[in-house]
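Heads up, the sequence shown is in our numbering, so the first residue is 985 and it goes up one at a time.
The beta-carbon is built from N, C-alpha and C at its ideal position, and this holds for glycine as well.
Remember, predicted model here, so these are calculated numbers, not experimental data.
Worksheet for the structure shown next.
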Amino acid sequence: MQETNKSALLVMDIQNSILQNIDDPKPLVSNISKAIFHARSNGIPVIYVVVAFRPGAPEISEHNKTFSRFGNKEMWTPEFAAQWQEIHQEVLPEKDEVIVTKKRFSAFTGSDLEVVLRGKEIRHLILTGISTSGVVLSTLREAADKDYELTVIEDCCADRDSEVHQVLTAKVFPIQAEVVSLGNWIG
């Protein structure tokens, strides 16, 4: 698959606190590790995206059905936030790689991702992450509206519900993105 220096690999929500929500995260982490290695070996920037909140979680509204599940805003101490956003040890960023912190599902919401992408002149996003129906779907939709070229590495994404993952990667995502396997992306 042809890549340019205008591409970036997004590694989204591969946090230990989120990975525990899927039955077996090992294959996902292994695949993402291979994708990261390929990107780094080919000069494609790797950008990490994590979700986290300030102490006291002032960003979480009681009216937000999903995020209000984190109702105990007092738990969001600096120590808890640091632990919450820990990236899995097998896919840790290198010292010069960017980590973007978002506040909702989309990698763009509440983050400086778009500024980073403009600064690096990135026009093509390669998406990986958990969950397919959360960060991947939301980021894909927003990025498509922002006119980014998009690729989703389907076996570098996972969801609690495998049927939802399958429907999104086979029927929904191809409308706005190229959907490929890791093997096809690596070539």
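Quick check on residue i: does DSSP put it in helix, strand or coil?
{"i": "GLY1027", "result": "coil"}
{"i": "ALA1065", "result": "helix"}
{"i": "ILE998", "result": "coil"}
{"i": "ILE1044", "result": "coil"}
{"i": "ALA1142", "result": "strand"}
{"i": "THR1135", "result": "strand"}
{"i": "ALA1091", "result": "coil"}
{"i": "ALA1194", "result": "Any question about residue 1194 goes unanswered here, given that the chain covers just 985 to 1171."}
{"i": "TRP1169", "result": "helix"}
{"i": "GLU1078", "result": "coil"}
{"i": "ALA1154", "result": "helix"}
Residue range of the beta strand (DSSP E) that residue i falls in?
{"i": "ASP1008", "result": "Careful: ASP1008 lies outside any beta strand (DSSP E) and carries neither H nor E."}
{"i": "THR1112", "result": "1108-1114"}
{"i": "ILE1083", "result": "1082-1086"}
{"i": "GLU1100", "result": "Before going on, a small fix: residue 1100 reads as Val here, not Glu. Run containing VAL1100: none in the beta strand (DSSP E); it sits in the alpha helix (DSSP H), 1097-1103."}
{"i": "GLU1126", "result": "Segment 1121-1129 is the alpha helix (DSSP H) holding GLU1126; no beta strand (DSSP E) there."}
{"i": "GLU1058", "result": "No beta strand (DSSP E) contains GLU1058, which DSSP labels as neither H nor E."}
{"i": "GLU1162", "result": "1162-1164"}
My guess is that residue i and residue j are in contact by the Cβ rule of under 8 Å, so how many angstroms apart are they, rounded?
{"i": "TRP1068", "j": "PRO1039", "result": "About 12 Å; that fails the 8 Å criterion."}
{"i": "LEU993", "j": "ILE1020", "result": "7 Å"}
{"i": "ALA1142", "j": "LEU1134", "result": "Not a contact, Cβ separation roughly 18 Å."}
{"i": "GLY1094", "j": "ARG1102", "result": "Contact doesn't hold; Cβ gap of about 17 Å is too wide."}
{"i": "VAL1030", "j": "ALA1023", "result": "5 Å"}
Between which two residues does the alpha helix (DSSP H) carrying residue i extend?
{"i": "HIS1149", "result": "1146-1151"}
Assuming contact is defined by CB atoms lying nearer than 8 Å, are residue i and residue j in contact in what I supplied?
{"i": "ILE1137", "j": "ASP997", "result": "no"}
{"i": "VAL1164", "j": "PHE1157", "result": "no"}
{"i": "GLU1081", "j": "TYR1032", "result": "yes"}
{"i": "VAL1034", "j": "THR1085", "result": "yes"}
{"i": "PHE1092", "j": "ALA1065", "result": "no"}
{"i": "SER1122", "j": "SER1146", "result": "no"}
{"i": "SER991", "j": "ILE1083", "result": "no"}
By Cβ distance, which residues of its chain are closer than 7 Å to residue i, with the 5 residues on each side in sequence left out?
{"i": "LEU1166", "result": "ASN1015, LYS1018, ALA1019, ILE1137, ASP1139 and CYS1140"}
{"i": "ILE1159", "result": "none"}
{"i": "THR988", "result": "In this prediction, THR988 has a pLDDT of 49, which is less than 50 and means its spatial position is unreliable; what the coordinates show is noted afterwards. Once the five neighbours on either side are set aside, the close Cβ partners of THR988 are HIS1108."}
{"i": "VAL1075", "result": "VAL995, ILE998, VAL1013, ILE1016, SER1017 and ILE1020"}
Using a Cβ-Cβ cut-off of 8 Å (strictly less than) and excluding sequence neighbours within five positions of residue i, which residues of its own chain qualify?
{"i": "ASN1005", "result": "ILE1114, SER1115 and ARG1144"}
{"i": "GLU1070", "result": "GLN999, ASN1000 and SER1001"}
{"i": "ARG1125", "result": "SER1090 and GLN1160"}
Are there any heavy atoms of the ligand FMN lying less than 7 Å away from the beta-carbon of residue i, as far as the coordinates show?
{"i": "SER1090", "result": "In the structure on display, the ligand FMN does not appear, and there are no ligands present to speak of."}
Excluding the five sequence neighbours on either side, which residues of its own chain have a C-beta within less than 6 Å of the C-beta of residue i, listed in chain order?
{"i": "PRO1009", "result": "LEU1003"}
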